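Protein chains: 2
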Amino acid sequence: MPDAQAKPSQTRRERLEEREAAIVAVAHEEFVRNGFEGAKMAAIAGRAGVAEGTVYLYFKNKNALLLAVIGRFYQELTRGAEEGIQDLDDTYARLKFLANHHIERCLADWRILELMIARFREVSQYQSDMPYEYNKSYVAVFDRVVRDAINKGELRDDVPHWIIRDLFFGSLEYAMRTHMLKNAPDEEVRVIVDNVIDLLQRGVGKAAPGQRISSDITPVVERLERIADRLDSAV
Amino acid sequence: MPDAQAKPSQTRRERLEEREAAIVAVAHEEFVRNGFEGAKMAAIAGRAGVAEGTVYLYFKNKNALLLAVIGRFYQELTRGAEEGIQDLDDTYARLKFLANHHIERCLADWRILELMIARFREVSQYQSDMPYEYNKSYVAVFDRVVRDAINKGELRDDVPHWIIRDLFFGSLEYAMRTHMLKNAPDEEVRVIVDNVIDLLQRGVGKAAPGQRISSDITPVVERLERIADRLDSAV
DNA sequence: GGTACACTATGAGAACAACTCAGAATAACT
DNA sequence: AGTTATTCTGAGTTGTTCTCATAGTGTACC
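Residue numbers (my numbering), protein chains in the order written: chain A, 217 to 451; chain B, 217 to 451.
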């Protein structure tokens with residue numbers, strides 16, 4: 217029973233790709249429903265209409281199958297981010313879009329994200345795994361926005377790039393987890409985005425000259441203190 | 217061969233606890249060396265000097281064993297945090313200590329932290345697992361510091377508590393991962409802490425009314441005024 | 001001091017799931 | 001139609017967690 221309805225107008229390669237896509241799609245569902253260990257290869261094969269051994273012709277092992285699912289997720293995520301910022305000029309509008317897009321996509325596929333975090337974040341093997349590459353191209357979108365902003369003088373250039381990046385994505389990830397734990401309504405996403413962007417702006421945003429803040433006044437304070445010292449000892 | 221050298225002055229309960237501790241200690245090493253799946257129950261039992269079945273008298277399953285290891289880690293982490301802030305009054309000194317302590321402990325037991333992230337962060341079952349409780353008491357230390365700071369008017373009260381918390385721990389976790397990936401030297405921890413605290417200060421720090429900044433100018437002004445008074449009365 | 005009893009330990013093997021592989025089926029090409 | 005290359009199959013192998021019937025050990029009571 218070869219099944220797979222060899223549709224007339226299909227080349228062999230097309231059939232293979234269709235089958236691969238079918239397996240990935242079923243795997244996605246099973247992983248979401250049952251987690252990594254709970255998803256059985258037998259069930260995936262069965263629901264995809266192939267024998268168990270066949271799955272192993274397409275994917276080396278269960279891990280590789282999960283990787284394929286995650287790869288699909290990342291591709292959409294990156295594409296969405298790139299397209300979204302194209303129409304935006306303002307730095308904070310861009311960052312806001314990225315935060316919003318990130319949260320929405322991640323919450324929509326939350327279970328997959330959890331699986332990625334669970335299985336592909338060990339530092340020791342991270343760099344050799346494919347999610348590292350996926351993540352690199354995704355993060356590159358954010359990095360470009362930040363670099364532009366620094367060049368335009370809108371963000372401080374005395375904070376290491378990677379700190380800004382970790383601040384952004386770290387805060388968002390934790391906020392997302394809190395959001396899920398609280399089972400909060402979708403509207404709350406705006407609260408998260410607004411707050412994180414606001415904090416980013418206050419934290420690494422550079423005030424326009426003439427309205428200088430924080431670090432710029434410190435020397436003045438120190439100078440006043442030296443003056444006070446002299447007056448103190450004089451009087 | 218009952219072994220376990222029934223030392224004369226040991227009550228039965230003591231021997232059990234010692235044995236449990238031995239199993240946990242070996243498990244810790246094995247998990248660190250080989251990861252969760254790589255650590256075999258047979259190896260753990262063997263190295264702890266008990267039969268495989270015996271381990272299951274002390275821990276329901278492999279998961280519970282990892283949980284015990286993580287529990288030990290969290291207890292030390294929480295204790296260290298609580299003791300550390302006792303001697304500190306200043307809000308930012310406290311936060312700085314907490315950040316530093318968090319990073320140092322987590323980096324020291326990084327592999328265990330990874331395993332916790334990998335296996336006990338699924339939102340769906342998180343609340344029923346013990347790490348949730350551990351984490352709750354740990355985070356409570358931070359929360360108290362923040363609440364105090366808000367009451368003292370040193371932090372803004374218009375940012376939700378949980379956002380501040382997620383900002384803090386999220387940024388730190390991501391920065392730690394970057395740190396590990398870069399294989400950065402220990403000194404870099406200071407860079408992380410300084411930057412994150414600085415960003416927190418700028419982001420949620422409250423400037424005294426009429427003054428948008430964080431480094432406080434008021435004391436100097438008051439001091440100068442007192443000097444001016446003395447000069448006035450002297451002349 | 002001996003005997004009953006509850007507690008603790010053991011390790012062979014049951015259960016289970018990922019993965020393999022020799023052989024069957026199918027498509028492609030001549 | 002025949003030949004070859006490709007794809008598929010599923011019963012079986014392997015490896016690991018966890019169980020459980022049996023055996024051992026310390027404690028308490030007579």
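Backbone N, C-alpha and C fix where the C-beta goes; we use that ideal spot for every residue, glycine too. Everything numeric in this text was worked out from a predicted model, so none of it was measured.
DSSP, read as helix, strand or coil, puts L371/A in strand. Sorting F385/B, A334/B, V375/B by C-alpha distance to the C-alpha of V357/B places F385/B at the top. Neighbours of Y342/B in chain A, taken as residues whose beta carbon is under 7 Å from its own, are L397 in chain order. Residue-level contact check: G254/A does not touch chain B, since none of the beta carbons of chain B fall below 7 Å from its beta carbon.
Annotation: L323/A has no Cβ neighbours in chain B at a cutoff of 9 Å; minimum Cβ distance is about 11 Å. Within the DSSP bridge table, the entry for G421/A names L371/A as partners. Straight across, the Cα-Cα distance linking Y290/A with N367/B is about 43 Å. For the stretch 384–423 of chain B, the full-length alpha helix (DSSP H) segments reaching 4 residues or more read 404–420 along the chain. By the criterion of a C-beta distance shorter than 6 Å, L283/B is surrounded in its chain by M346, once the five residues flanking it on both sides are discounted. Remark: fewer than three beta-carbon pairs, one from each stretch, lie closer than 8 Å, so the stretch 259–277 of chain B and the stretch 325–337 of chain B are not flagged as touching. Comparing alpha carbon positions, the residue from G419/A, V409/A, E230/A closest to V375/A is G419/A. Relative to the Cα of L273/A, the nearest Cα in the group D373/A, E236/A, L293/A, D364/A belongs to E236/A. Here D402/B is exposed, its C-beta having fewer than 16 other C-beta atoms within 10 Å. In this structure, the straight-line span from the alpha carbon of A258/B to that of L331/B is close to 20 Å. Taking 7 Å as the cut-off, the beta carbon of A334/A is found no closer than this to the beta carbon of L314/A.
Runs of beta strand (DSSP E) with 3 or more residues, each lying fully within the stretch 330–355 of chain A, are absent. Runs of the alpha helix (DSSP H) lying entirely within the stretch 225–267 of chain A, each at least 4 residues long, are 228–254, 257–264 in chain order. At least one CB of chain B lies nearer than 7 Å to the CB of D382/A.
Among the CB atoms of chain A, one or more fall inside 7 Å of the CB of F385/B.
As the crow flies, the alpha-carbon of R363/B is around 27 Å from that of R288/B. Distance check between A423/B and each of S344/B, A238/B, R372/B, T294/B places R372/B closest, using alpha-carbon atoms only. Excluding five sequence positions before and after I319/A, the CB atoms of its chain that fall closer than 7 Å to its own CB belong to L388, M392, V405, I408, V409, given in chain order. Taking C-beta atoms under 8 Å as the contact rule, A255/B and I239/B fail to qualify, at a distance of about 12 Å. For A309/B, the closest of M396/B, E245/B, A400/B, V361/B by C-alpha to C-alpha distance is V361/B. N411/B has a beta carbon lying within less than 7 Å of a beta carbon in chain A.
The Cβ atoms of Y342/A and Y348/A lie closer than 7 Å to each other.
Proximity of chain A to G262/B at the Cβ level (cut-off 9 Å) is not reached, the minimal Cβ distance being about 24 Å. If you compare the alpha carbons of E233/B, T307/B, V339/B with that of G369/B, the shortest gap goes to T307/B.
For L282/A, no CB of chain B lies under 7 Å from its own CB, so it is not counted at the interface with that chain. Out of S344/B, N399/B, I286/B, K352/B, the CA that lies nearest to the CA of S340/A is found in N399/B.
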